[in-house]
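Position in the sequence shown (first residue = 1) + 311 = UniProt numbering. A short worksheet on the structure shown next.
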Amino acid sequence: ATPLVVATSTALSAKNGLLIRNRTAFENSRKIDTIVFDKTGTLTLGEFGVNFIEIFNENYDEQRVIQLASALENNSEHPIATGIIRKAKEMDIEPLDMNDFQAMKGKGVKGKIENKDVMVVSPGYLKNNDISLPSDLPDHDISTNVFLLVNDELIAAIGLADKIREESYEAIESLKEQGIKCWMLTGDNEKTAAQVSKELNLDGYFAEVLPDEKQDKIKELQEDKKYVAMTGDGVNDAPALAQADVGIAIGSGTDVAAETADIILVNSNPQDVVSLIKFGKATYKKMI
Ligand code: ADP
Ligand code: MG
């Protein structure tokens with residue numbers, strides 16, 4: 312039988328935006344001393360808008376760049392894809408046929424369009440393939456740049472920007488006040504990660520982490536005797552959510568994340584992590 316305090320607390324949690332899928336993890340939430348947050352879609356809204364297009368090849372224009380990029384991104388669920396597809400709609404761009412689509416986890420997307428190999432990739436991909444930028448890109452806050460390649464030639468940079476969730480500031484502040492260390496884990500570039508980390512006053516971050524490596528970062532912290540919660544929204548985050556002592560999914564995220572997590576933040580509000588810890592402590596203190 313479920314003890315009354317626990318039952319009451321479950322109802323209370325539901326009211327406060329928490330869906331508890333694993334009671335043991337909830338019970339253990341009072342032991343959390345380190346929380347790792349995914350960046351995109353968790354600390355930030357994960358809603359990217361295109362704010363510049365820089366073209367390096369005179370045979371292309373903005374229409375063509377977005378046309379090619381969106382033909383690929385139509386097959387991706389990444390927030391970057393959503394931003395580029397929205398831009399294509401705004402520009403009334405004619406869709407193109409595309410074949411052999413491939414998602415390169417944590418690096419970008421590729422496919423064949425009009426018999427050419429087309430890719431949209433991360434800065435890390437350019438670095439690893441020794442492709443250098445012909446000019447500096449506009450500098451702005453919380454930016455994520457991706458690059459259009461046609462037959463391995465760099466054609467354009469597309470700059471997108473995301474926003475930090477309003478609630479993230481308060482959530483981090485109150486967690487830190489309780490002595491809980493707050494970390495960020497992201498596949499995004501070092502510079503953007505540093506900006507977000509500084510803005511939110513985080514204790515540390517891991518940047519340019521490939522999807523397969525995310526769970527290793529959680530393990531590293533656990534090996535350092537930390538009791539770790541992970542909060543994420545993406546398919547990429549699922550192994551890290553499973554590895555963490557307490558896995559917390561953002562409600563607006565992917566099904567895979569939700570199915571892997573112990574607890575779901577129904578309202579996608581990072582502030583509810585604070586409630587989780589509060590309820591965990593209150594509930595199990597009464598029982599002892
Ligand atoms: P995050 O940890 O921020 O959720 P991901 O691991 O999903 O990041 O992606 C890391 C990087 O890979 C992105 O910042 C981007 O540069 C690139 N990337 C991933 N998916 C796509 C996509 N669909 N289109 C373009 N670039 C992508
Ligand atoms: Mg994410």
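In this text, a Cβ means the ideal position worked out from N, Cα and C, and glycines have one as well.
- In the three-state scheme derived from DSSP, where H, G and I count as helix and E and B as strand, valine 520 is classed as coil.
- In this structure, DSSP gives threonine 455 an extended state, which the three-state scheme calls strand.
- Glutamate 365 and threonine 497 have their C-alpha atoms some 25 Å from each other.
- The beta-carbon separation of valine 584 and leucine 576, rounded to 7 Å, stays under the 8 Å limit for a contact.
- At a cut-off of 6 Å, the beta-carbon of asparagine 368 does not count as near the ligand ADP: no heavy atom of the ligand is closer than that.
- Taking non-hydrogen atoms of the ligand ADP into account, the C-beta of serine 387 is found less than 6 Å away from one of them.
- Of all C-beta pairs linking the stretch 426 to 446 to the stretch 462 to 475, three or more are shorter than 8 Å, placing the two stretches in contact.
- Only residues of its own chain outside the window of five on either side were considered, and among them Cys493, Leu511, Asn512, Leu513 have a CB closer than 7 Å to the CB of isoleucine 483, listed in chain order.
- In chain order, Gly394, Leu471, Ala472 place their CB closer than 7 Å to the CB of glycine 360, counting only its own chain and leaving out the 5 sequence neighbours on each side.
- Under the DSSP assignment, glutamine 506 falls in the alpha helix (DSSP H) whose first and last residues are 501 to 511.
- In the three-state reduction of the DSSP assignment, alanine 414 falls in the strand class, which pools E and B.
- Residue environment analysis places threonine 335 among the exposed positions, since fewer than 16 neighbouring C-beta atoms fall within 10 angstroms of its C-beta.
- Of all alpha-carbon atoms in Ser508, Leu521, Thr455, the one lying nearest the alpha-carbon of serine 479 is that of Ser508.
- Exclusion of the five residues before and after aspartate 556 leaves Ala336, Asn339, Lys342, Ile343, Gln533, Tyr538, Val539, Ala540 as the residues of its chain whose Cβ lies within less than 8 Å of its Cβ.
- Between alanine 325 and the set Ile453, Leu407, Tyr595, Gly562, the nearest pair of CA atoms involves Gly562.
- In terms of CA proximity to lysine 536, Thr345 leads the group Ile331, Leu330, Thr345.
- Within the same chain, Phe412 come within 6 Å of asparagine 386 by CB-CB distance, once the 5 residues on both sides are set aside.
- Minimum Cα-Cα distance from valine 376 among the listed residues Glu481, Val457, Glu570 corresponds to Val457.
- Shown here for alanine 549: same chain residues with a beta carbon closer than 6 Å to its own, the five before and five after excluded, namely Val567, Ala568, Thr571 in chain order.
- Rounded to the nearest angstrom, the gap between the Cα atoms of lysine 418 and tyrosine 595 is 43 Å.
- Straight-line measurement puts the Cα of serine 381 at about 10 Å from the Cα of methionine 409.
- A distance criterion of 6 Å places the beta-carbon of alanine 399 beyond contact range of the ligand ADP, judged by its closest non-hydrogen atom.
- Cα atoms of serine 433 and glutamate 488: separation of roughly 36 Å, rounded to the nearest angstrom.
- By the 16-neighbour rule on beta-carbons within 10 angstroms, lysine 525 is buried.
- Distance from the CA atom of alanine 518 to the CA atom of leucine 354, rounded to whole angstroms, is 14 Å.
- According to the DSSP assignment, valine 432 belongs to the beta strand (DSSP E) that extends over 427 to 432.
- Residue pairing by DSSP places phenylalanine 363 opposite Gly470 in a beta bridge.
- Using a Cβ distance threshold of 7 Å, asparagine 578 and glycine 357 do not count as a contacting pair.
- When distances are taken from the beta-carbon of glycine 419 to the heavy atoms of the ligand ADP, the shortest one is below 6 Å.
- Residue burial is scored here from C-beta neighbours: glutamate 384 has at least 16 other C-beta atoms within 10 angstroms and is therefore classed as buried.
- Listed as beta-bridge partners of threonine 335 by DSSP are no residues whatsoever.
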